[in-house]
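Going by the numbering used here, the sequence shown opens with residue 90, and the numbers climb by one from there. Contents: one structure, followed by commentary.
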Amino acid sequence: MTPRRAHGFTLIELMVSLALIALFSTLALPLQELAAKRSQEADLHAALREIRTALDAYKQAVDDGRIVVAAGASGYPQNLMLLVTGVKDAKSPTGAPLHFLRRIPRDPFADPKLKPEDSWGLRSYLSPYDEPQPGDDVYDVYSRSPGIGINGVPYKEW
Numbered sequence: 090m091t092p093r094r095a096h097g098f099t100l101i102e103l104m105v106s107l108a109l110i111a112l113f114s115t116l117a118l119p120l121q122e123l124a125a126k127r128s129q130e131a132d133l134h135a136a137l138r139e140i141r142t143a144l145d146a147y148k149q150a151v152d153d154g155r156i157v158v159a160a161g162a163s164g165y166p167q168n169l170m171l172l173v174t175g176v177k178d179a180k181s182p183t184g185a186p187l188h189f190l191r192r193i194p195r196d197p198f199a200d201p202k203l204k205p206e207d208s209w210g211l212r213s214y215l216s217p218y219d220e221p222q223p224g225d226d227v228y229d230v231y232s233r234s235p236g237i238g239i240n241g242v243p244y245k246e247w
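Next comes the structure, spelled out in structure tokens:
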């Protein structure tokens, strides 16, 4: 008669299994953090494109005579909320407003307590490119985040 062997794992087998699980989890964590950062960067890129497209559409409407502006004005909106609330269409017989955005997207790297329109840095038309400053109009927006992207470029320069 042969002796019965106990079924189950030995202590060494369990320790090796736990060590492998710990090793795999430490390898996966940086990849998960990289994926989360990449997702935030994609959101930032999409938000910048959406706002900048709306700013260009507003300027095009001014150039087409659909929005009346004061003489000498740059033709860009005075604030971001004008893109959402709309402006009177000068060429519309009913005076229907022109809207350029449904809502202002939030900077994904900004403080979540801020309103979406306050989460962006604003650059006026007369502001120098390398030192953007707010002014009488909104020519461009940028992220106020001090972070640097995966591509090595600071977010404020995107």
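Cβ coordinates follow ideal geometry from the N, Cα and C atoms, glycine included. Note that the structure is predicted; figures quoted are calculated from it, not measured.
Legend entry - According to DSSP, residues forming a beta bridge with residue 266: As shown, the chain starts at 90 and ends at 247. That puts residue 266 outside it, with no answer to give.
Legend entry - Given residue 191 as reference, the closest of 97, 143, 138, 163 once Cα atoms are compared: Against the sequence shown, residue 191 aligns to sequence position 102. Here the closest residue by C-alpha is 143.
Legend entry - Beta-carbon proximity list for residue 129, same chain, < 8 Å, skipping 5 on both sides: Looking up residue 129 in the sequence shown gives position 40. Here residue 129 has 197, 198 as same chain residues with Cβ atoms under 8 Å from its own Cβ, once five neighbours each way along the sequence are excluded.
Inset, instruction - Look up residue 210 in the DSSP assignment and give the residues it is bridged to. - result: Against the sequence shown, residue 210 aligns to sequence position 121. According to DSSP, which records beta bridges pairwise, residue 210 is partnered with 231.
Legend entry - residue 131, enclosing alpha helix (DSSP H) - first and last residue: By one-based count along the sequence shown, residue 131 stands at place 42. From DSSP, the alpha helix (DSSP H) with residue 131 extends over 100-152.
Inset, instruction - Please state whether DSSP places residue 171 in a helix, a strand or coil. - result: To locate residue 171, count along the sequence shown from 1; it is residue 82. Helix at residue 171.
Inset, instruction - Quick one: grab the DSSP three-state call for residue 205. - result: On the sequence shown, position 116 is the one that residue 205 refers to. Of the three classes helix, strand and coil, the one that applies to residue 205 here is helix, per DSSP.
Inset, instruction - Check each candidate in 141, 176, 146, 145 and name the one with the smallest Cα separation from residue 158. - result: In the sequence shown, the residue the question calls residue 158 occupies position 69. The option with the nearest alpha carbon to residue 158 is 176.
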